[in-house]
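If you're matching positions, the sequence shown starts at 133 in our numbering and goes up one per residue. Ideal Cβ placement from N, Cα and C applies to all residues, glycine included. For clarity, every value in this text was computed on a predicted model and none was experimentally measured. Following: one structure in structure tokens, then a few remarks.
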Amino acid sequence: MKEGGKLTLVTRREFLHRLRTDNIKGDIITKESYRNALDEAERFLQVQRNALETGDYSSMIAYLYTLKEEVVRHILCNTTVSSPEAAEDYFMESITCLVEASRKRTRVITSPLPWLKAACRRMIRIKKKYREHIPEKWDFYDFDKYNLNTI
């Protein structure tokens, strides 16, 4: 192993330990990133609260639509979907699903991005499993039929 300019002999165990500690140091959340995450969660909770109180979910949908690029990229990179149009359709369905989940079950979601990604992955799995039984526009919001409590 090279340290400072000198080559030193270390055991495999020491080498792996140093690699792990270097990776952990890179993953430590800074105060600034933690505050940003809290501010983002607070913002979305306020949007969600306003939508539940007023019954108008357009502001919530607009907020979720800002996450489109990241969710579509996630779908294209991490699932079997290869068409950007299909990925956008799944994204739109996941937004509708999130709104329905908060409306029907009054579910509190602090971070919508992981939830949208998980909903898209789950929809893709469900569509694959029930391929011949699902019509073109299917009722994804039947939580009992499709076991959506796992999202």
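If you drop the 5 nearest sequence neighbours on each side, which residues of the same chain put their C-beta closer than 8 Å to that of residue 245? Answer for residue 245: 199, 202 and 203, listed in chain order.
* Please name the residue in 150, 249 and 145 whose C-alpha comes closest to that of residue 205. => Distance from the Cα of residue 205 is smallest, within the candidate group 150, 249 and 145, for 249.
Does the segment 188-196 come within contact of the segment 161-170, defined as at least 3 CB pairs closer than 8 Å?
The segment 188-196 makes no contact with the segment 161-170; the number of CB pairs closer than 8 Å stays below 3.
Q. Where do the ends of the alpha helix (DSSP H) carrying residue 204 lie?
A. Start and end: 200-210.
Residue 141 - DSSP class collapsed to helix/strand/coil
DSSP, read as helix, strand or coil, puts residue 141 in coil.
- request: Could you pull out every unbroken alpha helix (DSSP H) segment of at least 4 residues lying fully inside the segment 174-201, listed in chain order?
  value: Restricted to the segment 174-201, the alpha helix (DSSP H) segments that are unbroken, complete and at least 4 residues in length are 190-197, listed in chain order.
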